[in-house]
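Some notes on the structure that comes next.
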Amino acid sequence: MKKRVYSGIRATGRLHLGNYLGAVKGMLAVQDEYDCIFSVVDLHAITTPYDPKTLAESTRSVILDYLAAGLDPEKCLLEVQSFVPEHMELAYLLGTVFPVAELEDLPTYKDKKAQHPKYVNMGLLYYPVLMAADVLLYKGELVPVGIDQEPHLEIMRQIARKFNGMFPSAGSGQVTFPEPRRFKTEGEYVPSLTGEGKMSKSVEGSYINLTDDLETIKAKLAKVPTDSGTLGGSIPQKGGVANLFVLAYLFGGKEMHHKYVEDYKEKRIRYGEMKQELSQIIYEQLVPIQERRRVLEANPEKVNAILKEHAAKCREIAQGTIKEVKEKMGFLQI
Ligand code: TYM
Numbered sequence: 496m497k498k499r500v501y502s503g504i505r506a507t508g509r510l511h512l513g514n515y516l517g518a519v520k521g522m523l524a525v526q527d528e529y530d531c532i533f534s535v536v537d538l539h540a541i542t543t544p545y546d547p548k549t550l551a552e553s554t555r556s557v558i559l560d561y562l563a564a565g566l567d568p569e570k571c572l573l574e575v576q577s578f579v580p581e582h583m584e585l586a587y588l589l590g591t592v593f594p595v596a597e598l599e600d601l602p603t604y605k606d607k608k609a610q611h612p613k614y615v616n617m618g619l620l621y622y623p624v625l626m627a628a629d630v631l632l633y634k635g636e637l638v639p640v641g642i643d644q645e646p647h648l649e650i651m652r653q654i655a656r657k658f659n660g661m662f663p664s665a666g667s668g669q670v671t672f673p674e675p676r677r678f679k680t681e682g683e684y685v686p687s688l689t690g691e692g693k694m695s696k697s698v699e700g701s702y703i704n705l706t707d708d709l710e711t712i713k714a715k716l717a718k719v720p721t722d723s724g725t726l727g728g729s730i731p732q733k734g735g736v737a738n739l740f741v742l743a744y745l746f747g748g749k750e751m752h753h754k755y756v757e758d759y760k761e762k763r764i765r766y767g768e769m770k771q772e773l774s775q776i777i778y779e780q781l782v783p784i785q786e787r788r789r790v791l792e793a794n795p796e797k798v799n800a801i802l803k804e805h806a807a808k809c810r811e812i813a814q815g816t817i818k819e820v821k822e823k824m825g826f827l828q829i
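Heads up: the sequence shown begins at 496 in my numbering, then just goes up one per residue.
This is the structure in structure tokens:
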């Protein structure tokens with residue numbers, strides 16, 4: 496049996512370079528080798544303020560970005576989370592084995608609470624349990640996600656362990672759930688264009704979308720804060736300049752990175768030039784994705800057919816897990 500891989504991205508509209516390098520590139524790297532399910536997690540997207548008028552479009556948009564980036568519907572299953580209601584059923588069941596205090600302690604929960612003090616709902620607290628249910632529903636072992644998701648993966652492993660311990664399998668010695676691990680990529684942490692923190696959809700000016708054109712990318716990079724270019728010495732560890740170097744490495748490779756490191760050391764770096772070159776390189780990598788996306792946008796029926804067919808396949812697997820879990824938990828079987 497091939498290993499099962501599961502990952503998801505919230506339905507918050509167009510993907511940015513952080514999502515692409517941290518998650519989608521990982522998905523692309525494993526789709527040939529493993530049994531993969533990649534999802535648009537719309538149920539997670541409603542835990543923070545959102546607009547019901549645009550949720551459906553945002554969900555479709557992530558699916559289009561997945562397909563345009565090269566996820567192959569012949570090789571992996573593409574899922575819209577809410578099409579498979581078993582996610583919610585398993586989340587409820589798993590929620591009964593996990594302490595509330597540990598959920599309240601999670602940094603992601605605390606951050607979101609601080610960001611939206613008037614929108615602290617049960618769904619937000621439950622977020623990591625639903626995320627655990629997403630992966631465990633399919634007995635996923637590998638999860639291609641960025642480094643920011645590590646605390647959620649730790650909760651996932653704890654829930655799996657707890658469940659396996661509380662409801663052991665009779666005789667076989669086989670546990671119900673594997674303990675999922677993160678599949679890492681080189682771009683597991685893509686920094687923000689603002690020079691602070693990570694690239695994030697919720698921070699204006701921090702990101703480049705996969706659908707941005709060359710002029711937009713240039714304008715965004717132009718705003719990255721830099722220094723005088725005459726400091727010399729080693730590259731700063733944080734801030735705009737540090738982040739430009741990370742992007743140069745991720746998109747231009749060792750060679751481009753090395754060239755600008757030398758310029759920096761020798762106090763002759765010209766950020767304008769570096770930003771132009773970087774814009775061009777980023778854009779060139781996005782062009783084929785954008786071209787494929789335009790074709791898909793014109794074919795909504797084809798995309799819908801894939802989603803319907805894949806939802807049915809996902810539900811079949813999901814129902815098997817729910818049946819097993821309910822049996823183990825002692826529910827009446829007739
Ligand atoms: P979300 O929607 O915030 O982000 C989607 C994916 O993009 C990655 N990512 C980044 N990687 C590197 N650098 C960045 N700056 C950056 N920004 C975002 C994230 O790590 C993630 O992989 N909780 C998840 C969604 C989820 C999920 C799941 C993931 C729900 N259920 C089950 C995997 C398995 C989230 O909020 O991702």
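Just so it is clear, CB atoms sit at the ideal spot from N, CA and C, and this is done for glycine as well. For clarity, every value in this text was computed on a predicted model and none was experimentally measured.
Asked: Would you decide whether serine 502 is buried or exposed? Buried here means 16 or more other CB atoms lie within 10 Å of its CB.; Found: buried
Asked: Quick check: the Cα distance between aspartate 629 and methionine 751, rounded to an integer number of angstroms?; Found: 39 Å
Asked: Determine the closest residue to methionine 496 out of Leu516, Glu528 and Thr542, with distance taken between C-alpha atoms.; Found: Glu528
Asked: How is phenylalanine 578 classed by DSSP in three states: helix, strand or coil?; Found: helix
Asked: From which residue to which residue does the alpha helix (DSSP H) around arginine 652 run?; Found: 645-661
Asked: Across which residues does DSSP place tyrosine 501 in a beta bridge pair?; Found: Ile532
Asked: By the three-class DSSP mapping on this structure, what secondary structure does lysine 770 have?; Found: helix
Asked: For arginine 676, list the residues DSSP reports as bridge partners.; Found: Leu637
Asked: Report yes if the CB atom of methionine 617 is closer than 9 Å to the CB atom of histidine 647, and no otherwise.; Found: no
Asked: Quick one: using the 10 Å Cβ neighbour count with 16 as the cut-off for buried, is aspartate 530 buried or exposed?; Found: buried
Asked: Taking 9 Å as the threshold (C-beta atoms), are valine 595 and arginine 810 in contact?; Found: no
Asked: Between which two residues does the alpha helix (DSSP H) containing proline 602 stretch?; Found: 602-610
Asked: Just checking isoleucine 541 against the ligand TYM - is the residue's beta carbon closer than 8 Å to any of the ligand's heavy atoms?; Found: no
Asked: Any contact between the stretch 648-659 and the stretch 587-594? By contact I mean 3 or more CB pairs, one from each, below 8 Å.; Found: yes
Asked: In chain order, what residues of the same chain have a beta carbon less than 6 Å from the beta carbon of arginine 509, not counting five sequence neighbours either side?; Found: Ser556, Asn704 and Thr706
Asked: Examine the ligand TYM and report whether any of its heavy atoms sits within less than 8 Å of the Cβ of serine 695.; Found: yes
Asked: Quick check on DSSP: helix, strand or coil for asparagine 704?; Found: strand
Asked: Given 8 Å as the limit, tell me if serine 577 has its C-beta closer than that to any heavy atom belonging to the ligand TYM.; Found: no
Asked: Assess, as a yes-or-no matter, whether the stretch 714-727 is touched by the stretch 763-783 under the definition of 3 or more beta carbon pairs within less than 8 Å.; Found: yes
Asked: Provide the residue span of the alpha helix (DSSP H) that contains asparagine 799, from first to last.; Found: 795-824
Asked: For proline 720, name the three-state secondary structure that DSSP assigns.; Found: coil
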